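S.K.: Start counting the sequence shown at 1; every next residue gets the next number (full-length UniProt numbering).
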Amino acid sequence: MELGKMQKLKVLRKKDFGVYLGDIDGGDDEHQSVLLPAKQVKEDTQIGDILEVFIYKDSSDRLIATTVKPLIEVGKLEVLKIKQFSKIGAFIDIGLERDVLLPFKEMEGEPREGDKVLVALYVDKSQRLAATMRVYKYLSSTHDYKKDDNVSGIVYRVRDIGVMVAVGGKYFGMIPASMVYDTYRPGDLVEARVVKVRDDGKLDLSTRQKAYIQIEADAAVIEEKLNAAGGRLNIGDKSEIVLIKGCFGMSKNAFKRAAGYLFKNGKIDIGEDYIQLKTQ
1 MELGKMQKLK
11 VLRKKDFGVY
21 LGDIDGGDDE
31 HQSVLLPAKQ
41 VKEDTQIGDI
51 LEVFIYKDSS
61 DRLIATTVKP
71 LIEVGKLEVL
81 KIKQFSKIGA
91 FIDIGLERDV
101 LLPFKEMEGE
111 PREGDKVLVA
121 LYVDKSQRLA
131 ATMRVYKYLS
141 STHDYKKDDN
151 VSGIVYRVRD
161 IGVMVAVGGK
171 YFGMIPASMV
181 YDTYRPGDLV
191 EARVVKVRDD
201 GKLDLSTRQK
211 AYIQIEADAA
221 VIEEKLNAAG
231 GRLNIGDKSE
241 IVLIKGCFGM
251 SKNAFKRAAG
261 YLFKNGKIDI
271 GEDYIQLKTQ
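Here is the structure:
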């Protein structure tokens, strides 16, 4: 029997309060059996029948079986909801009567009640099921993605070097710091483009499309910001990168391409330290 996993077990004994299950190839040792409560036992169940169950621990810390398939198993990754916080961590809904603890030391960032976050399920030192947001070791670099593929993922860690993304919920991905144009926190969903497949299979990502595709969207952002500011902003060709990124959420090169596009179409004037809408 394996804690935290779906498995097939054999009915060893029947009682009024349920049936005891054991390994298919094992004996009838009561110390190597687990109870499946009567409310989950079908009327026609007989000794020797094979049932598929999930093994966890009840509120009294006793092994218990259920025929309900949980939302996650040990060693697997899933996006699950934080139900509530306690003094020792937060409780994650795994689809069973009993929730699983996400200890504070296993959290990334500052998750909040109601957040959906990427977690892995594991068995802790006290032989209880627990959840972790530190999912790096559970991710894989074996995939079929290639450069310029569009992918979806979930943020699981934010660091100075970039934003770590679990692509498809299972593969290593990162938005390098130089390509981060927004604020992210663990649990955020992202749509991105693969800009590089590293030798080790890890993916470098960008939330922006290729320049010729992105330029119209960037130009629309600049126009929107100008309209909101009354038609003029003190940002131009020679402005600092941090100022451009903070205002428009794009790199200096992207800003110049989009501003040039607007200028050629007669929509703006631009100087070293300003940009403004042309009066009609």
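By construction, the Cβ of each residue, glycine as well, lies at the ideal position given by its N, Cα and C atoms.
Just so it is clear, the structure is predicted and the values come from calculations on it, not from any experiment.
Buried or exposed: which applies to residue 54, given that a residue is buried once 16 or more other Cβ atoms fall within 10 Å of its Cβ?
M.R.: buried
S.K.: What's the C-alpha gap between residue 166 and residue 14?
M.R.: 45 Å
S.K.: Just curious, the beta strand (DSSP E) that residue 56 is in, first and last residue?
M.R.: 50 to 57
S.K.: Give the DSSP-derived three-state secondary structure of residue 251 in the structure shown.
M.R.: coil
S.K.: Specify the secondary structure class of residue 104 as computed by DSSP and reduced to three states.
M.R.: Residue 104: helix per DSSP, three-state reduction.
S.K.: Rounded to whole angstroms, what's the CA-CA distance from residue 204 to residue 192? Just pull it up for me.
M.R.: 10 Å
S.K.: Residue 77 to residue 170, Cα distance in whole Å?
M.R.: 7 Å
S.K.: Would you give the residue range spanned by the beta strand (DSSP E) that residue 130 belongs to?
M.R.: 129 to 132
S.K.: Would the beta-carbon of residue 158 fall within 9 Å of that of residue 109?
M.R.: Yes, they are a contact pair.
S.K.: Between residue 118 and residue 56, which are expected to be in contact by the criterion C-beta below 8 Å, what is the C-beta distance as a whole number of angstroms?
M.R.: Between residue 118 and residue 56, the beta carbon gap of about 21 Å keeps them out of contact (Cβ cut-off 8 Å).
S.K.: Helix, strand or coil for residue 46 per DSSP?
M.R.: coil
S.K.: If you check the beta carbons only, do residue 90 and residue 73 fall under 9 Å apart?
M.R.: Between residue 90 and residue 73, the gap from beta carbon to beta carbon reaches 9 Å or more.
S.K.: Just to confirm before moving on: does the CB-CB distance between residue 80 and residue 71 stay below 9 Å?
M.R.: yes
S.K.: For residue 263, name the three-state secondary structure that DSSP assigns.
M.R.: helix
S.K.: Could you tell me if residue 218 is buried or exposed, where buried requires 16 or more neighbouring beta carbons within 10 angstroms of its beta carbon?
M.R.: Taking every protein chain shown into account, the CB of residue 218 has 16 or more other CB atoms within 10 angstroms, so this residue is buried.
S.K.: Where does residue 188 land, buried or exposed, given buried means 16+ other C-beta within 10 angstroms?
M.R.: buried
S.K.: Identify, in the order they occur along the chain, each residue of the same chain with its Cβ nearer than 8 Å to the Cβ of residue 130, setting aside the five sequence neighbours on each side.
M.R.: 100, 101, 102, 103, 106, 121, 122, 123, 124
S.K.: Hey, out of 252, 196, 175, 271, whose CA is closest to residue 233's CA?
M.R.: 271
S.K.: Need the endpoints of the beta strand (DSSP E) that residue 172 sits in, please.
M.R.: 171 to 176
S.K.: Using DSSP bridges, identify the partner residues of residue 122.
M.R.: BP columns for residue 122 point to 130.
S.K.: Strictly by DSSP, which residues pair up with residue 66?
M.R.: 54
S.K.: Could you check the C-alpha separation between residue 238 and residue 273 for me, to the nearest Å?
M.R.: If you take the alpha carbons of residue 238 and residue 273, they lie about 6 Å apart.
S.K.: Compare the beta carbon distance of residue 248 and residue 225 with 9 Å and say whether it is the shorter of the two.
M.R.: yes
S.K.: Which value, in whole angstroms, describes the spacing of the CA atoms of residue 266 and residue 257?
M.R.: For residue 266 and residue 257, the distance between alpha carbons rounds to 14 Å.
S.K.: By the 10 Å Cβ neighbour count, where 16 or more other Cβ atoms means buried, how is residue 242 classified, buried or exposed?
M.R.: By the Cβ-count criterion, residue 242 is exposed, with fewer than 16 other Cβ atoms from all chains shown falling within 10 Å of its own Cβ.
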